[in-house]
Amino acid sequence: MMVPVRCFTCGKVVGEHWEEFKDRAAEGEEDPAAVLDDLGIERACCRRMLVSHKDLVDVVSPYQ
Amino acid sequence: MSDFDVEFIDRGDREARFLVRDVTPAFANGVRRAMLADVPTMSIDAVRVVENSSVMFDEMIGLRLGLVPLTTPPGEFEIGDTVTLALDVQGPATAYSGDLVSSDGMVEPADENVPIIDLKEDQRLEVEADAVYDTGKEHAKHQGGVAIGYRNLQRAEVVGERDEFADDDPEIVRGVIEDDGELVPAEAFDNDLRNRYPDSEVRVEDVPNAFVFDVETDGSMSVEELVLAAVDTLYDRADELEEAVQL
């Protein structure tokens, strides 16, 4: 649905970086690894939070 | 009160690495645990929903609001104190943590850009939330520290020439090494001792009772405030014990 606010494992706040990550890597041209490094998301547990996320609000909202 | 020998390696507002000497492993772990479980922070705990026509249930919105870190100046609150915050966003828009309006200037969202919920046309989110001052022991959302750890300081010592026909395997070290009193983070030589000492044989051993702490906070307070508050809770506990065993 919405991006998780924090990393499930360590608790770092990752939600605030989602929109930039999405623009630059998930839907953009840049290398996701380089973008994550640039955003300061270093640990594998936090990186998977963004890499594996999919926004579903647009998919769900018509059935509200 | 004894003094600790503390030396900073990296120092930032939210992330720092520092070396502490002459502490036992038990004490080092005590400080780590105190940083996670005993330092209280403000966090949204109860939510009164006025209107929620978004695609998420009230409970899910409540959970997300609870996880948003709120700035908490140390020493200003008692356990159980509450501060009220309000959020009112009309779609089409995204409700962000920065839209939270606080009744107390000291308690503000530490990060402004955390998306709470994406609102479509005619959807609205209006809530009133109570932030409570409590410890990480009560709920992980009250933890001020994130992924805090420590490891032994390692001493690197050149013991001779590298054997001409030695295996060409990497010699990986992590953390911080001490070389003749100089502190070198292992990332400086890409974690491989061969990069720093190309033609020497190096012996690496742990320095007893010297620990390098890696501390990161969620923004509710600075690293310095977190560490000092954690050490204070240890002193408080020792005092409590002393009082309890007195006749």
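For the protein sequence lines, the chains are H and P, in the order given. Residue numbering for the first sequence follows this note's numbering, starting at 108 and increasing by one per position. Residue numbering for the second sequence follows this note's numbering, starting at 94 and increasing by one per position. All C-beta atoms, glycine included, are put in the ideal place defined by N, C-alpha and C.
Item	Value
Contact set between the stretch 133 to 149 of chain H and chain P, restricted to residues whose Cβ is under 8 angstroms from the partner	none
Start and end residues, beta strand (DSSP E) containing P:PRO118	Run containing P:PRO118: none in the beta strand (DSSP E); it sits in the alpha helix (DSSP H), 118 to 130.
H:LYS129 at chain P interface by Cβ criterion, 8 angstroms	no
Whole alpha helix (DSSP H) elements within the stretch 134 to 165 of chain H, 4-residue minimum	139 to 146, 151 to 158
CB contact check: H:LYS119 to chain P, cutoff 8 angstroms	yes
CB contact below 8 angstroms: P:ALA240 versus chain H	yes
Contact residues within the stretch 206 to 226 of chain P, judged by C-beta distance below 7 angstroms to chain H	ASN206, VAL207, PRO208, ILE210, ASP211, LYS213
Proximal residues, the stretch 134 to 154 of chain P versus chain H, C-beta separation under 9 angstroms	SER146, SER147, VAL148, MET149, MET153
Those residues which DSSP pairs with P:LEU112 across a bridge	P:GLU100, P:VAL305
Cβ contact check for the stretch 267 to 276 of chain P and the stretch 200 to 212 of chain P: 3 or more pairs under 8 angstroms	no
Residue-level contact to chain P via CB, H:MET156, 8 angstroms cutoff	no
Within chain P, the residues that H:SER168 reaches when beta carbons sit closer than 7 angstroms	VAL148, LYS213
Amino acids of chain H, ordered along the chain, whose beta-carbon sits closer than 9 angstroms to that of P:LEU160	PRO111, VAL112, ARG113, GLY118, VAL120, GLY122
Closer than 8 angstroms to chain H by CB, P:ALA109	no
Three-state secondary structure assigned by DSSP to P:ILE209	strand
Residues that DSSP places opposite P:LEU163 in a beta bridge	P:PRO202
Contact set between P:ALA233 and chain H, taken where Cβ atoms lie within less than 8 angstroms	GLY118
P:ALA188 versus P:LEU212: straight-line alpha-carbon distance, rounded	7 angstroms
Three-pair Cβ contact test at 8 angstroms for the stretch 131 to 144 of chain P versus the stretch 320 to 332 of chain P	yes
Near-chain H residues of the stretch 306 to 323 of chain P - C-beta to any C-beta below 9 angstroms	GLU309, ASP311, GLY312
Alpha-carbon to alpha-carbon, P:ASP261 and H:ARG69	This structure gives no information on residue 69 of chain H, because the portion of chain H shown stretches from 108 to 171.
Counted within 10 angstroms of its Cβ, other Cβ atoms place P:ASN145 as buried (16 or more) or exposed	buried
Beta carbon proximity, P:GLN183 to chain H, threshold 8 angstroms	no
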